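A.B. asks: So the sequences go chain by chain: A and B.
Numbered according to our numbering, the first sequence spans residues 116 to 551.
Numbered according to our numbering, the second sequence spans residues 116 to 551.
Protein chains: 2
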Amino acid sequence: MAFSASSPKEGMHFSDRANATLFPTDDPTLISFDYGAPGPTLLPTSLITLAAAARFARPDASNALQYGPVTGDKEFRYELARFLRREYGDEDVDMERLVVTSGATQAFFNLVTIFTNPATVFLLEDPTYFLAAKMLRDHRIPSSRMVAIETDAETGIRVDLLSTALDSLSARDPQPPDVAGTYPYVLYLVPTHSNPTGSTVPTPHREEILRLARKHNILVICDDVYQLLHYDTATPPPKRLVAFDDLAGETGGNVISNCSFSKIFAPGARLGWIEAPKRIVDAIKLAAVSYSGGSPNHLTSNLLIPLLHDNHLHTHLTHLRTQYSARLTAMLTALDTHLGSTPGVKIHRPKGGYFVWVELPADVDTTLLRKRVVEGLQSGEVGQQRVTFKQGADFSMSGDGCRNALRLAFAYYEPEVIAEGVRRLALVLRAVGVGV
Amino acid sequence: MAFSASSPKEGMHFSDRANATLFPTDDPTLISFDYGAPGPTLLPTSLITLAAAARFARPDASNALQYGPVTGDKEFRYELARFLRREYGDEDVDMERLVVTSGATQAFFNLVTIFTNPATVFLLEDPTYFLAAKMLRDHRIPSSRMVAIETDAETGIRVDLLSTALDSLSARDPQPPDVAGTYPYVLYLVPTHSNPTGSTVPTPHREEILRLARKHNILVICDDVYQLLHYDTATPPPKRLVAFDDLAGETGGNVISNCSFSKIFAPGARLGWIEAPKRIVDAIKLAAVSYSGGSPNHLTSNLLIPLLHDNHLHTHLTHLRTQYSARLTAMLTALDTHLGSTPGVKIHRPKGGYFVWVELPADVDTTLLRKRVVEGLQSGEVGQQRVTFKQGADFSMSGDGCRNALRLAFAYYEPEVIAEGVRRLALVLRAVGVGV
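Below is the structure:
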């Protein structure tokens, strides 16, 4: 068997290399602070090559190609639990409470189907991850069943407002419909280094969220994809919210930690895991989508076994933290330099994750600003700065809040590119009167 | 960087090799005709090893690790379209109408969410693939919105009954709710070499299904995973149903061909594709689940590029067809030998796919029989035959039909094991009076 390096037959070779990824990286002149992804130089090409060779060399290689067990490959979950115990500093992580997924997005999509009924009310942070709300709309969940809870850009969801909202909801409908296996409420949260504001919910607030979840029978789906990306080495991040639930016992069943390898390894792997109490894991096992396909991404999970086993993923993650941290520092330094003394500008300073949230003077409309920037990019308007950002309104539950804010992703580019991008951004802002 | 061959530290090595796949293959004495999967000797271990090495050796290796484009990697879709044009003998397969998925199961689950509303009525073959109906129940779709259409074990869904059912449904509710982007009806079908009966819908029936789909605004989701597994070399299978829709034009939008690499390459790859008209592809692109995660299984799709490009997948598929065909022959021969002359026994003879459907005398209850067999296996009862099968009622929409039928999967085992399994099955049947 042979593989050709070039085209074996004329006209049968693919030659269009543009748009090979989700991002238009074929435009090297553009600095896009939109991309919530590791940059090309941080993708583990050597690691995956060696991991594949190691896994396929084993005598049980064919098991990686068969339908996998419903909650995922046992050896992978064993190694993953070992990795997480070390990274979280939490001995309570148990492979029996881990379920392999094909990434946090697909897992969230499936969880909404499996654990809700047509009367379930969804509580969301406001601002929130823009695609989470859109995924709920794709589930035909009407706005009347989505409740926005204001967040604080430092401490995340306002737990006092969450409590008030739940009291009011349960007073309105004191007997929420009881459909076996479903929850009357789902709370979607990015509790650690959130998307978009970079906020982290403090430990006492986590305890209060769990108390409310028990009281009102809420399923809290935590997008924990940034939990392992904490750059403040002096203080650890709060424990993930699921650790406050009763993981091993009979009373647990209110929190799911929905995690991914996208930010700590490779988005293209489309591999993730759920950590959840026994009751939830048991329910996932019974879902037809689990059984019909077997383990999601069974092959890819098998490729990661050697990386986890020999601690290469730990080494890689340590490297990523250093790199991401340097990128965050570069962004904050550049923002301070260009906008630090501008009245009305507030630069939020996350301790981890992927995003810096910037609030501008109240009269700046970042939705209009982005429209101008993108139109300028397309028309090639003279003087146009080749930089983009995400407008704050994209993350607003009403679609109309946070109009004076913008989100900057710092994980994708090298520090010097980030500095240049922020310089361009400052010029864009100056053109609309910010920092003149 | 090094990978250890054995445990680097005591107590840190995973040693439990049992249940490494979805199937309890750790019991070598059991012959299970349940498994709808390629057997271990048919899994392409060498191919995937070489493909991974080839793909990762390319200078653009890191693109395989990034978020992929929403409808999937362009080069993969180019090579896939080329492969399908050859295998289907249909020049109309176009990469722009292919969308990468993480397998037919997850794709079906997502399509139901994206394209239906709380009033959509689901029409299903009866008997049907048992997990399809269960997936609909996991979507909280009540029985009142599922309509069973009787099938013929040779020609599949009874098109006359489908037409009558639709007339009656549309008379009952002449104005089905119009929710943008959704369909009032979904028809789920395995049109070619069906699961469970092995039936194939003839071409004129396909034309009639399309006519009905246009008339009533039905979305027909075809589980086409056996379309490429046709073993009757004298006659080609009918064209897939999507080819009767208007794939490139503006009037198309009623049929989705939901396909998978599970049966033609490896279930663990969790990789598949959808072929659909432009209108449907455009809608999938807009779904948040597509954008948030990027292409499903982007990495795995990249591994298959070299296999498609150098026609290794064609060679492998040709090999699989020969092997599966020999297994089917072994099963039919053994069934003829042991049960061929038994009054009341009807052995259906599929021309492809994975399954043989056997009807037994009306007084035989295969649900009870399987229960006895499984209990015998567990208790180690003397004289128990170590063989299992799927009971017909599992595929019945009411859960109570087809009680005198059973489904035998023939893809998993070598011909001589199949012959032995059928011998055991005949002994089991003899014990309940069939073929005494």
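Each residue gets a CB set at the ideal place from its N, CA and C atoms; glycine is no exception.
None of these values were measured; they are calculated from a predicted model.
Count the C-beta pairs between the segment 193 to 211 of chain A and the segment 227 to 241 of chain A that are closer than 8 Å, then say yes if the count reaches three, no if not.
C.D. replies: Taking 8 Å as the limit for Cβ pairs, the verdict is that the segment 227 to 241 of chain A does not touch the segment 193 to 211 of chain A.
A.B. asks: Leaving aside the five residues before and after Leu276 (chain A) along the sequence, list all residues of the same chain whose C-beta is less than 6 Å from its C-beta, in chain order.
C.D. replies: Only Ile264, Glu265 meet the Cβ criterion.
A.B. asks: Would a check of beta-carbon distances place Met332 (chain A) closer than 7 Å to chain B?
C.D. replies: The residue asked about is misnamed: residue 332 (chain A) is Asn in this sequence, not Met. For Asn332 (chain A), the answer is no, since every Cβ of chain B falls outside 7 Å of its Cβ.
A.B. asks: Kindly list the residues whose CB is nearer than 7 Å to the CB of Pro123 (chain A), restricted to its own chain and excluding five residues on each side of it in sequence; keep chain order.
C.D. replies: The predicted position of Pro123 (chain A) is uncertain, since its pLDDT is 48 and thus under 50; a value taken from the coordinates is nonetheless stated next. Hits under 7 Å: none found.
A.B. asks: With a threshold of 16 other CB atoms inside 10 Å of the CB of Leu401 (chain A), please say whether the residue is buried or exposed.
C.D. replies: Counting Cβ neighbours within 10 Å, Leu401 (chain A) comes out exposed, since fewer than 16 surround it.
A.B. asks: Per DSSP, which residues does Val471 (chain A) bridge with? Please list them.
C.D. replies: Per DSSP, A:Leu523.
A.B. asks: Looking only at its chain, what residues have a beta carbon closer than 8 Å to the beta carbon of Asp131 (chain A), apart from the 5 residues adjacent to it on each side?
C.D. replies: Once the five neighbours on either side are set aside, Asp131 (chain A) has no close Cβ partner at all.
A.B. asks: Using a Cβ-Cβ cutoff of less than 8 Å, which residues in the same chain neighbour Thr186 (chain B) once the five nearest sequence positions on both sides are dropped?
C.D. replies: If we look at Thr186 (chain B) and ignore the five residues flanking it on each side, its Cβ neighbours are Arg192, Leu213, Val214, Val215, Val396, Ile399, Lys400, Ser405, Ser410.
A.B. asks: Who are the neighbours of Val404 (chain A) on chain B, taking C-beta pairs under 7 Å?
C.D. replies: By Cβ distance, chain B contributes Thr220, Gln221, Phe224, Met250, Asp253.
A.B. asks: Going by beta carbon distance, what residues of the same chain come within less than 8 Å of Glu125 (chain A), once the five residues before and after it are set aside?
C.D. replies: Since pLDDT at Glu125 (chain A) reaches only 48, below the 50 mark, its modelled position is unreliable, and no value is offered.
A.B. asks: For Cys517 (chain B), write down the residues that DSSP places opposite it in a beta bridge.
C.D. replies: Bridge partners of Cys517 (chain B): none, in fact.
A.B. asks: Quick one: grab the DSSP three-state call for Glu206 (chain B).
C.D. replies: Coil, per DSSP.
A.B. asks: Along the beta strand (DSSP E) that carries Gly387 (chain B), what are the first and last residues, could you check?
C.D. replies: Here the beta strand (DSSP E) through Gly387 (chain B) covers 387 to 390.
A.B. asks: The alpha helix (DSSP H) spanning Phe230 (chain A) covers which residue range?
C.D. replies: Run containing Phe230 (chain A): 219 to 230, per the alpha helix (DSSP H) assignment.
A.B. asks: Which whole runs of the alpha helix (DSSP H) in the segment 409 to 462 of chain A are 4 residues long or more, in chain order?
C.D. replies: Runs found: 413 to 424, 427 to 454.
A.B. asks: Against chain B, does Leu180 (chain A) count as a neighbour if the rule is that its beta carbon must be under 7 Å from one of theirs?
C.D. replies: True, the Cβ-Cβ gap to chain B drops below 7 Å.
A.B. asks: Gln181 (chain A) and Pro382 (chain B): beta carbons closer than 7 Å?
C.D. replies: Yes, the Cβ-Cβ distance between Gln181 (chain A) and Pro382 (chain B) is below 7 Å.
A.B. asks: Relative to chain B, which residues along the segment 387 to 401 of chain A have a C-beta separation below 8 Å, given in chain order?
C.D. replies: So the list is empty, because no residue satisfies the distance condition.
A.B. asks: Can Asp339 (chain B) be considered in contact with the ligand NAD, in the sense that its beta carbon sits closer than 6 Å to one or more heavy atoms?
C.D. replies: Because no ligand of any kind appears in the structure shown, any question about the ligand NAD cannot be addressed here.
A.B. asks: Give the interface partners of Phe129 (chain B) over in chain A, defined as CB-CB distance under 7 Å, in chain order.
C.D. replies: Result: Glu190, Tyr193, Glu194.
A.B. asks: CB-CB under 7 Å to Val532 (chain A), same chain, minus the five flanking residues each way: which ones, in chain order?
C.D. replies: The answer, listed in chain order, is Ile146.
A.B. asks: Indicate whether at least one CB of chain B lies closer than 7 Å to the CB of Glu125 (chain A).
C.D. replies: Because Glu125 (chain A) carries a pLDDT of 48, less than 50, the predicted location of this residue cannot be relied on, and the following value inherits that uncertainty. Not an interface residue.
A.B. asks: Terminal residues of the continuous beta strand (DSSP E) containing Met261 (chain B)?
C.D. replies: Counting along the chain, the beta strand (DSSP E) containing Met261 (chain B) begins and ends at 261 to 267.
A.B. asks: Determine the contact status of Ile420 (chain A) and Glu194 (chain A), defining contact as a CB-CB distance below 7 Å.
C.D. replies: Their beta carbons are under 7 Å apart, which means Ile420 (chain A) touches Glu194 (chain A) by this criterion.
A.B. asks: When you compare the CB positions of Asn417 (chain A) and Ala219 (chain A), do they come within less than 7 Å of one another, or not?
C.D. replies: No, Cβ-Cβ distance for Asn417 (chain A) and Ala219 (chain A) is not below 7 Å.
A.B. asks: Assuming Leu304 (chain A) and Val274 (chain A) are in contact, meaning their beta carbons sit under 8 Å apart, how far apart are those beta carbons, in whole angstroms?
C.D. replies: Not really, about 11 Å apart at Cβ, beyond 8 Å.
A.B. asks: For Ser147 (chain B), which beta-bridge partners are listed by DSSP?
C.D. replies: DSSP, once it has assigned bridges, lists B:Thr503 as partnering Ser147 (chain B).
A.B. asks: Let me confirm a value: Leu422 (chain A) is counted as buried when at least 16 other C-beta atoms fall within 10 Å, else exposed. Which label applies?
C.D. replies: By the 10 Å Cβ count, Leu422 (chain A) comes out buried.
A.B. asks: What in chain B is Cβ-close to His413 (chain A), meaning under 7 Å?
C.D. replies: Within 7 Å Cβ-Cβ: Gly383, Arg385.
A.B. asks: Does the Cβ of Glu269 (chain B) have 16 or more other Cβ atoms within 10 Å, making it buried, or fewer, making it exposed?
C.D. replies: So Glu269 (chain B) ends up on the exposed side.
A.B. asks: I need the straight-line Cα distance from Arg487 (chain A) to Ser314 (chain A), nearest angstrom please.
C.D. replies: Their backbone Cα atoms lie some 29 Å apart in a straight line.
A.B. asks: Rank A:Asn369, A:Ala403, A:Ala441, A:Ile379 by C-alpha distance to the C-alpha of Ala391 (chain A) and give the top, closest one.
C.D. replies: Checking every option, the nearest Cα to that of Ala391 (chain A) belongs to A:Asn369.
A.B. asks: Hey, out of B:Thr136, B:Gly183, B:Tyr244, whose CA is closest to Cys337 (chain B)'s CA?
C.D. replies: The candidate whose alpha carbon is nearest that of Cys337 (chain B) is B:Tyr244.
A.B. asks: What residue range does the alpha helix (DSSP H) around Ser283 (chain A) cover?
C.D. replies: 274 to 287 is the span of the alpha helix (DSSP H), which, as asked, contains Ser283 (chain A).
A.B. asks: Which ranges does the beta strand (DSSP E) cover as unbroken runs of at least 3 residues, wholly within the segment 305 to 381 of chain A, from first to last along the chain?
C.D. replies: Runs of the beta strand (DSSP E) inside the segment 305 to 381 of chain A: 333 to 338, 370 to 375.
A.B. asks: Could you say which of B:Gly408, B:Gln506, B:Arg173 lies nearest to Leu540 (chain B) if we only look at CA atoms?
C.D. replies: With distances taken between Cα atoms, Leu540 (chain B) lies closest to B:Gln506.
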